[in-house]
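S.K.: First the structure, which I've put down as structure tokens, then a few questions once you've had a look.
There are 2 protein chains.
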Amino acid sequence: MGFWKSIFRVFGTTEPTKKNRLRPVPNQNGQIFFSTDRDIDVYELEELCDAVGWSRRPIRKVRKAIQHSFIVISMWEKRGTYSRLIGFARATSDHAFNATLWDVVVHPEYQGKGLGKALMKETIKSLRQADISNISLFADAHVVEFYRQLGFSPDPEGIKGMFWYPP
Amino acid sequence: MGFWKSIFRVFGTTEPTKKNRLRPVPNQNGQIFFSTDRDIDVYELEELCDAVGWSRRPIRKVRKAIQHSFIVISMWEKRGTYSRLIGFARATSDHAFNATLWDVVVHPEYQGKGLGKALMKETIKSLRQADISNISLFADAHVVEFYRQLGFSPDPEGIKGMFWYPP
Ligand SMILES: CC(C)(COP(=O)(O)OP(=O)(O)OC[C@H]1O[C@@H](n2cnc3c(N)ncnc32)[C@H](O)[C@@H]1OP(=O)(O)O)[C@@H](O)C(=O)NCCC(=O)NCCS
Ligand SMILES: CC(C)(COP(=O)(O)OP(=O)(O)OC[C@H]1O[C@@H](n2cnc3c(N)ncnc32)[C@H](O)[C@@H]1OP(=O)(O)O)[C@@H](O)C(=O)NCCC(=O)NCCS
Chain W
9 MGFWKSIFRV FGTTEPTKKN RLRPVPNQNG QIFFSTDRDI DVYELEELCD
59 AVGWSRRPIR KVRKAIQHSF IVISMWEKRG TYSRLIGFAR ATSDHAFNAT
109 LWDVVVHPEY QGKGLGKALM KETIKSLRQA DISNISLFAD AHVVEFYRQL
159 GFSPDPEGIK GMFWYPP
Chain D
9 MGFWKSIFRV FGTTEPTKKN RLRPVPNQNG QIFFSTDRDI DVYELEELCD
59 AVGWSRRPIR KVRKAIQHSF IVISMWEKRG TYSRLIGFAR ATSDHAFNAT
109 LWDVVVHPEY QGKGLGKALM KETIKSLRQA DISNISLFAD AHVVEFYRQL
159 GFSPDPEGIK GMFWYPP
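Heads up: the sequence lines are chains W and D, in that order. Per my numbering, the first sequence runs over residues 9 to 175. Per my numbering, the second sequence runs over residues 9 to 175.
The following block contains the structure:
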């Protein structure tokens, strides 16, 4: 399929050689790749989200959300011919001013190795390349520190994130 | 043009008769209408944003943002054959789970009359009709109360709105 082609097209290399921290995965043969291909297996994605305890979502809706996201970044571990989805992030956007991140996740077996940071840096880089200046997100309480280290500020100038609940 | 046709198509009526609070505008002859037409005059929109003190934005980008917003709601005062843009809101979305509101504004001459509330209700109604369950926004500190009255909660379950700043 167009999967590896898309990776090469977007990231221009098959080996993230300059980013050594992208390889502290258990098996030394494993290599980490990023892709912006939207043609990902949504069942595999939902398994990833399931692994971090998120509730299951209708597959049809997940597919629609991916299709209508401005950017979709997936992170893969490649061992030989086998690739495993180990991370994911996507952003909605108006294609001009702002983008908002959703569904940022790294598989529990791969957490704490700098991969979440690498995934976020790829995402931010892509958004900046697309000339988006206003990058926002809604962080769960326990990951505010993770995002702060990446340059995100909570409530800048008193701006409050708000969610609507049906009356 | 397709302007009034679009209003009629979307809201199904030329007279918001059931919403009397939609008419407490200075001139009794004026009537308030909503439209979801994207074909609005971006210069008129930027004038509206200017009137509340927002900084000017490149017209080309405003046009692109409108085009790529999931929903665009404009509010108009109609007097005879003349229509004036007096309010605006738009939302980005993944078309499946979540929508985020941006650029919510009511012209200063029309503020404090319930029109901001009416505009927000139309926006929420449209998003709900599109089966969006997760409606979010980033509120400036001084309008948190305005949104709270409409059913929005700040930081629900400790979720924090965050913005990225270049290092
Ligand atoms: C949040 C998440 C994406 C982080 O991924 P990760 O691969 O574990 O993060 P990294 O290893 O790249 O960590 C980068 C830095 O952030 C820190 N960090 C990671 N998770 C953190 C957390 N929950 N709280 C505070 N700091 C955290 C790390 O200590 C590391 O700091 P260092 O550079 O000083 O060593 C991942 O833990 C995850 O998927 N969690 C479950 C899903 C989730 O909650 N997503 C966010 C929803 S808003
Ligand atoms: C915020 C804004 C859209 C509100 O529009 P509006 O037409 O003045 O609001 P309404 O008259 O419909 O007010 C609805 C209710 O909210 C209250 N309210 C309005 N503005 C408020 C504010 N800034 N702070 C607290 N409460 C407010 C009103 O008192 C009213 O309450 P009531 O129903 O109990 O009488 C408008 O003031 C505006 O455009 N401001 C400048 C732009 C801006 O800051 N936008 C938000 C960016 S996040």
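Don't be surprised by glycine CBs; every beta carbon is placed ideally from N, CA and C. These figures come from a predicted structure and were not determined experimentally.
1) Label D:W62 either buried or exposed according to how many other C-beta atoms from any shown protein chain fall within 10 Å of its C-beta, with 16 as the threshold for buried.
2) Under 9 Å, Cβ to Cβ, is there at least one residue of chain D near W:F171?
3) With DSSP collapsed to three states, give me the class of D:Q75.
4) Excluding the five sequence neighbours on either side, which residues of its own chain have a C-beta within less than 6 Å of the C-beta of W:R29, listed in chain order?
5) List, from N- to C-terminal side, the alpha helix (DSSP H) runs of 4 residues or more that fit wholly inside the segment 67-143 of chain W.
6) Taking 6 Å as the limit, name every residue whose beta carbon sits nearer than that to some heavy atom of ligand 2, in sequence order.
7) Would a check of beta-carbon distances place W:T108 closer than 9 Å to chain D?
8) Verify the CB distance criterion: does W:A126 have a CB-CB separation below 9 Å to chain D?
9) Buried or exposed: where does D:H150 fall if 16 or more other Cβ atoms within 10 Å of its Cβ makes it buried?
10) Assuming W:S144 contacts D:G95 under a Cβ cut-off of 8 Å, what Cβ separation, rounded to an integer in Å, is found between them?
11) Under 6 Å Cβ to Cβ from D:N106, same chain only, skipping five residues before and after it: list those, please.
12) Does the beta-carbon of W:D139 have 16 or more other beta-carbons within 10 angstroms, so that it is buried, or is it exposed?
13) Pull up the distance between the alpha-carbon of D:K129 and that of W:T44, whole angstroms please.
14) Counting C-beta neighbours from all protein chains within 10 Å, is the total for D:D102 16 or more, i.e. buried, or is it exposed?
15) Suppose you measure from the CA of W:K86 to the CA of W:Y118; what does that come to, to the nearest Å?
16) Could you give the distance in angstroms between the alpha-carbon of W:F78 and the alpha-carbon of W:A99?
17) Residues bridged to W:L145 by DSSP?
18) Express the C-alpha separation of D:G88 and D:F171 in angstroms, rounding to a whole number.
19) What separation, rounded to the nearest whole angstrom, lies between the Cα atoms of D:D176 and D:Y90?
20) Could you have a look at D:P175 and say whether DSSP puts it in helix, strand or coil?
21) Quick check: is any heavy atom of ligand 1 less than 8 Å from the C-beta of W:W62?
22) Between W:P164 and D:G166, what straight-line distance do the alpha-carbon atoms span, to the nearest angstrom?
23) Within 10 Å of its beta-carbon, does W:Y173 have 16 or more other beta-carbons around it, so buried, or fewer, so exposed?
24) Return no unless some Cβ of chain D is closer than 9 Å to the Cβ of W:H103.
M.R.: To lay it out plainly:
1) Position 54 of the second sequence, counting from 1, holds the residue named residue 62 of chain D. That one is exposed.
2) Within the first sequence, residue 171 of chain W is the residue found at index 163, counting from 1. Chain D contact via Cβ: present.
3) In the second sequence, the residue the question calls residue 75 of chain D occupies position 67. D:Q75 falls in the helix class under three-state DSSP.
4) On the first sequence, position 21 is the one that residue 29 of chain W refers to. For W:R29, the predicted structure reports a pLDDT of 37, less than 50, and the residue's modelled location is therefore unreliable. The matter cannot be settled from this model.
5) 67-75 and 123-137
6) D:V60, D:V112, D:V113, D:V114, D:Q119, D:G120, D:K121, D:G122, D:L123, D:G124, D:K125, D:A147, D:D148, D:H150, D:V151, D:E153, D:F154 and D:Q157
7) By one-based count along the first sequence, residue 108 of chain W stands at place 100. Chain D, which has a Cβ nearer than 9 Å to the Cβ of W:T108, makes this yes.
8) Residue numbering aside, residue 126 of chain W sits at position 118 when the first sequence is read from its first letter. Closer than 9 Å: no.
9) If you number the second sequence from 1, residue 150 of chain D lands on position 142. Flag for D:H150 reads exposed.
10) Along the first sequence, one-based indexing puts residue 144 of chain W at 136. Along the second sequence, one-based indexing puts residue 95 of chain D at 87. Rounded, the Cβ-Cβ distance is 23 Å, inconsistent with contact.
11) Locating residue 106 of chain D in the second sequence gives position 98, where the first residue counts as 1. Here the set comprises N142.
12) As a first step, residue 139 of chain W is located in the first sequence; it is residue number 131 there, counting from the start. With fewer than 16 other Cβ atoms within 10 Å, it is exposed.
13) Taking the second sequence and counting its residues from 1, one reaches residue 129 of chain D at position 121. Taking the first sequence and counting its residues from 1, one reaches residue 44 of chain W at position 36. Taking the straight line joining both Cα atoms gives about 36 Å.
14) Along the second sequence, read from residue 1 onward, the residue named residue 102 of chain D stands at position 94. Classification of D:D102: buried, given that the 10 Å Cβ count is 16 or more.
15) Position 78 of the first sequence holds residue 86 of chain W. Position 110 of the first sequence holds residue 118 of chain W. Spanning the two alpha carbons is a distance of roughly 13 Å.
16) For this step, residue 78 of chain W is matched to residue 70 along the first sequence. For this step, residue 99 of chain W is matched to residue 91 along the first sequence. The alpha-carbon atoms of W:F78 and W:A99 are separated by roughly 6 Å.
17) Numbered from 1 along the first sequence, position 137 holds the residue referred to as residue 145 of chain W. W:L145 pairs with W:L109 and D:M170.
18) If you number the second sequence from 1, residue 171 of chain D lands on position 163. If you number the second sequence from 1, residue 88 of chain D lands on position 80. Rounded to the nearest angstrom, the two C-alpha atoms are 44 Å apart.
19) Absent from the model: residue 176 of chain D. The displayed extent of chain D is 9 to 175, so no value can be given.
20) Position 167 of the second sequence, counted from the start, is the residue given in the question as residue 175 of chain D. D:P175 falls in the coil class under three-state DSSP.
21) The residue you call residue 62 of chain W lines up with position 54 of the first sequence. Yes; taking the cut-off as 8 Å, the Cβ of W:W62 has a heavy atom of ligand 1 nearer than that.
22) Here residue 164 of chain W corresponds to residue number 156 of the first sequence, with the count starting at 1. Here residue 166 of chain D corresponds to residue number 158 of the second sequence, with the count starting at 1. Using only the alpha carbons, I get a separation of about 16 Å.
23) Here the question's residue 173 of chain W lines up with position 165 in the first sequence. W:Y173 should be labelled exposed.
24) Residue 103 of chain W sits at position 95 when you count from the first residue of the first sequence. Closer than 9 Å: yes.
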